[in-house]
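Colleague: Quick one: structure below, then a few questions.
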Amino acid sequence: MRLLKSLIILALAGGLGYLAFAFVWGVPSVEQRPIATDQAAIDRGEYLTALGDCTSCHTAEDGASFAGGRFLETPFGGGLYSANITPSSQGIAGMTSAEFYQVLAFGADTVWRPVYPAMPYTSYNVVTREDSDAIFAYLMSLDPVHAEVPANTLPFPYNIRLSLFGWNLLFADRSAFSPDPKRSDSWNRGAYLVTGLGHCGECHTPRNALGAMEPLERLTGAKLTGFEAPDITANGLTERGWTHKNLVTYFATGTGPQGTAFGEMHLAIKNSLSKANPEDQSAMASYLLNLDAAPSDVQETVEQETPPAFKAYDASAGRSLYLSNCSLCHGRDGRGVPSVMPALAGNSTVAQTDAVNLVLVVARGLDASTDYGPMPSFADRLSDTEISDLVNYLRQSFSNLDLPLLQAADVRGTLKQN
Amino acid sequence: MAKLKMTVNGKAVGPHDVPDDLPMVVYLNDILGLTGTKFSCGIGVCRACVVMVEEPDGSITTRRTCIAGATSFADSKVTTVEGHATHGQLSAVQRAYVDNFAFQCGYCTSGFVNAGTALVEQLRQNPVDKNQVEQAVQTGLGDHICRCSGYVRYFEAMRDLILSDTTLTKEG
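Protein chains in written order, with the numbering used here: chain A, 486 to 903; chain V, 77 to 248.
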C-alpha cells in the first residue's frame, strides 16, 4: 500500500514536473509584430510560401488551396490531417505574427496544442522571423476558406500532444541559420533554402525509431511511405550523374537527363521548386553539389559532350524483356523521347543503389504527370524473376555505377514491404 | 529475333520470326493482315490500339498494342476487332455502338469494342449492383480517347447494354 502511494506521488510529481517544463521551455516567447499588409510584403510572402511548399501538404486532393485536410500517413499507424491555413475561423484567423512564427519555427504557440512534426518545424527553425512574417502576411491576405479539418487518427500514446515537448527537447533543433563566412553568398543562400524553407531533409534524411531525422545522415536518402527519397548529398548526386545545370533544369521543369520527378517529388517540383527564381534554383543546386558558384556553361557542356559509355552487359533474358516491354517508349538505347518519354540511360533512379524505386515503378507503374503519359504497371504481367532480370539489365546497361545484381527474392521483398 | 506464336481470334498463328521490339500493332497489321487495330498516339495514352487478352485463368483483360512488343504476347489468346462478329452478325457491343451512333470517324472504335466487350465479360464473371453500372462503365472505358467526342454515346450504349442483360448485374 505504501509502495502504491509512493508510486502515485512519484507519478504526480513527474507529471507536474513535465507540465512545468512544458510551460517554461515548450513555447519560446517571441516579440509581437504587426501583420504587414503592403503589397510588397504580401508578394514576397507568396514567393516564400511557394519555396516552403506549404500548399502540397495544406491542400487536400481537389480541395481549396491552403484549406488543409490532406491526410498524412505516419509510420506509427493512423495519420494526421493538415491544418487549414487560410484566415477563416477554422484556420488561422485571429492568430498573431508571433504565434505564427512560434508554430513555424518551434512547433507550438501554446502549451496545450503543439503541432506534430509532420509540420516541418524541425527544418523551419532556420527560417528568419522576417520571412515568417512575410509568409504570414500572404496567408492572411487570402480569402478565408471555411473548411473543417477532420480529427487525427493517431493511436495511443502518439495522440498525446503534450508528449511532443519531450520529443522537441530531444530532437528539434531551435538554432537560427548561421551562414558560413568561408563560403559564397550563393552557397549560403542555397544552404538557407535547402535546410529551411525547402525542408529537403524531411524526406531525404533517414529517421530514427521515434521519427526524428538522424543528424549524422543528413540528406543521405530515406523512405517514409511509398517511394524512397534518394541520396541527395553532393557525393550521391555526383555519383548518379547530376550536374549543376541539370539540377537547375530539374528544379525548373521536373525533368532532365537524370530522369523525371515522380511521387511526392512531382508535387515538390510543381508547387515549389519550379516557382523559385533562377538565382535561388542555382543557389540550391550549388549548395547540394557543394559548389561555391555555378560552373560556367562551357565547363558543363564539355562535361556533357562525352557520351556516357554504358557497359556491355550480357543478359539476354533481361534484354528481350526490355525490348519487348519497354523499348517501344524508352527506345532501344534507353534514350527516351525528349519531353514525351523519360530517358533511362543516365537516369538517376536507375542508378539508385538499392533499386527500390526502380522495382516499384516497373511493378506498379506511375500515373500520368503534367509532362508525361502514364507508365504502365507490370506486376501482373512479369514474374518476380522477370522483373529482377529486367531491372538488372536496366541497371547494368544504363548506369555507369557498379550496382549489385538483384535476385527474384529481392524484388519479392521490395514489393511485399511496400 | 524470336519465334512467336499465339492465338488470334481463335486461330493459331505463327511461328513467325520477329524482332524482340516489334510492336504488337505492327505484327497484327503487317504480318497477320489484321488492320482493324489502329496505331494512334504510340505512347499508350489514347487506347485506340487496345485488344482483348484471355489470361490463362480465363479472365479477360485488355492490352495496348502500340507500347507492347509482339513477343510479350507469346502464347496468349488475343481478340482483335475482327474477332467479334459471327456469321456476319455484329456482337452485342458492336450493335449497341451502331444503334447509339457512338462513333464517327471510327479510328478509336476498335479500342472501344475490345474494352466494352472485356467489360461485359468481366461483369459476367463478377456482376455489379445496378447502381454501380455507370461507375463500371467509367472505369472500363474512361481512359479511351475519341477525337470526334462520341463519349456520351459510347457511355450510354454500354450502360444500356449492361442494364438490359440481367446476368451482368445484381440487385443493389
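Where a beta carbon is used, it is the ideal one built from N, C-alpha and C, also for glycine.
Between which two residues does the beta strand (DSSP E) carrying A:T734 extend?
Modeller: Counting along the chain, A:T734 falls outside any beta strand (DSSP E), though it belongs to the alpha helix (DSSP H) covering H729 to T738.
Colleague: Can you say whether V:K114 is buried or exposed, counting buried as having 16 or more other CB atoms within 10 angstroms of its CB?
Modeller: Buried, by the Cβ-count rule.
Colleague: Note down, in chain order, each residue of its chain lying with its Cβ closer than 6 angstroms to the Cβ of V:G159, except the 5 sequence neighbours on either side.
Modeller: Around V:G159: N85.
Colleague: Is the CB of A:N877 under 8 angstroms away from at least one CB in chain V?
Modeller: Judged by the 8 angstroms Cβ criterion, A:N877 is not in contact with chain V.
Colleague: Please report how far the alpha carbon of V:T185 lies from the alpha carbon of V:T162, in whole angstroms.
Modeller: The alpha-carbon atoms of V:T185 and V:T162 are separated by roughly 18 angstroms.
Colleague: For A:A719, which residues in the same chain have their Cβ closer than 7 angstroms to its Cβ, ignoring the five residues on either side in sequence?
Modeller: Answer for A:A719: L773, L774 and N775, listed in chain order.
Colleague: Note down, in chain order, every chain A residue with its Cβ under 8 angstroms from the Cβ of V:A144.
Modeller: Near V:A144 (Cβ distances below 8 angstroms), the residues of chain A are S809, N810 and L813.
Colleague: Taking the CB atoms as reference points, tell me whether A:G744 and A:P827 lie closer together than 8 angstroms.
Modeller: Yes, the pair counts as a contact, with Cβ atoms nearer than the cut-off.
Colleague: Hey, could you find the ends of the alpha helix (DSSP H) V:M128 is sitting in?
Modeller: V:M128 -> not in any alpha helix (DSSP H); beta strand (DSSP E) instead, spanning V126 to E130.
Colleague: A:L891 and A:S868: beta carbons closer than 8 angstroms?
Modeller: Going by C-beta atoms, A:L891 is not nearer than 8 angstroms to A:S868.
Colleague: Does the beta carbon of A:P861 sit closer than 8 angstroms to a beta carbon anywhere in chain V?
Modeller: Closer than 8 angstroms: yes.
Colleague: Terminal residues of the continuous alpha helix (DSSP H) containing V:R235?
Modeller: It spans Y227 to S240 - the alpha helix (DSSP H) in which V:R235 sits, taken as one unbroken run.
Colleague: Do A:M698 and A:T559 count as a contact pair if the criterion is CB distance below 8 angstroms?
Modeller: Contact: no.
Colleague: Just verifying my parser: in three-state terms, what is the DSSP assignment at A:F795?
Modeller: Note that A:F795 scores a pLDDT of 49, beneath 50, so its modelled location is shaky; the value from the coordinates is reported in the next line. In this structure, A:F795 counts as coil in the three-state DSSP scheme.
Colleague: Can you round the beta-carbon distance between A:A583 and A:Q517 to whole angstroms, since I take them to be within the 8 angstroms contact cut?
Modeller: So it is a contact: roughly 5 angstroms between Cβ atoms.
Colleague: Given a cut-off of 8 angstroms, decide if A:S757 and A:A535 are closer than it, judged by their beta-carbon atoms.
Modeller: Yes; because the gap between Cβ atoms is below 8 angstroms, this pair is in contact.
Colleague: Looking only at its chain, what residues have a beta carbon closer than 7 angstroms to the beta carbon of V:R229, apart from the 5 residues adjacent to it on each side?
Modeller: Cβ neighbours of V:R229 beyond the five flanking positions: N176, F177 and A178.
Colleague: Here's the rule: buried if 16 or more other CB atoms are within 10 angstroms of the residue's CB, otherwise exposed. What is V:M82?
Modeller: Per the 10 Å Cβ criterion, buried.
Colleague: Taking only beta-carbon atoms, is V:G120 less than 8 angstroms away from chain A?
Modeller: So, interface residue.
Colleague: Do V:T137 and V:V204 count as a contact pair if the criterion is CB distance below 8 angstroms?
Modeller: Cβ atoms of V:V204 and V:T137: not closer than 8 angstroms.
Colleague: Could you spell out the range, first to last residue, of the alpha helix (DSSP H) harbouring A:F650?
Modeller: A:F650 -> alpha helix (DSSP H) spans L649 to F656.
Colleague: Classify A:H543: buried if its beta carbon has 16 or more other beta carbons within 10 angstroms, exposed otherwise.
Modeller: Answer is buried; the Cβ neighbour count reaches 16.
Colleague: CA-CA distance, A:F795 and A:S884?
Modeller: No answer about A:F795 holds up, because its pLDDT of 49 lies below 50 and its placement is not dependable.
Colleague: Figure out for me which residue from V:F188, V:L104 and V:N202 has the closest Cα to the Cα of V:C222.
Modeller: Nearest C-alpha to V:C222: V:F188.
Colleague: Just checking: is the beta-carbon of A:G858 within a distance shorter than 8 angstroms of some beta-carbon in chain V?
Modeller: So, interface residue.
Colleague: Rounded to a whole number of angstroms, what is the C-alpha to C-alpha distance between A:E788 and A:P780?
Modeller: In this prediction, A:E788 scores a pLDDT of 49, lower than 50, which makes its location untrustworthy; the coordinate-derived value is nonetheless stated afterwards. Using only the alpha carbons, I get a separation of about 11 angstroms.
Colleague: Along chain V, in chain order, which residues have C-beta atoms closer than 7 angstroms to that of A:R817?
Modeller: Those within 7 angstroms of A:R817 in chain V are D97.
Colleague: Taking DSSP as the reference, what is the three-state secondary structure of A:M580?
Modeller: DSSP places A:M580 in coil when its eight states are reduced to three.
Colleague: Report yes or no: is there a C-beta of chain V within less than 8 angstroms of the C-beta of A:V846?
Modeller: Not an interface residue.
Colleague: Taking Cβ to Cβ, would you say A:F506 is nearer than 8 angstroms to A:V596?
Modeller: Not closer than 8 angstroms, so no.
Colleague: Along the chain, where does the beta strand (DSSP E) that runs through V:A88 open and close?
Modeller: K87 to V94 is the span of the beta strand (DSSP E), which, as asked, contains V:A88.
Colleague: If the cut is a Cβ gap below 9 angstroms, which residues of chain V does A:S882 touch?
Modeller: Within chain V, no residue comes near A:S882; the closest Cβ sits about 14 angstroms away, beyond 9 angstroms.
Colleague: For the ligand ADP, any of its heavy atoms closer than 7 angstroms to the Cβ of V:R123?
Modeller: The ligand ADP is absent from the structure shown, which contains no ligands of any kind.
Colleague: Look up A:E558 in the DSSP assignment and say whether it is helix, strand or coil.
Modeller: The answer is strand: DSSP assigns A:E558 an E or B state.
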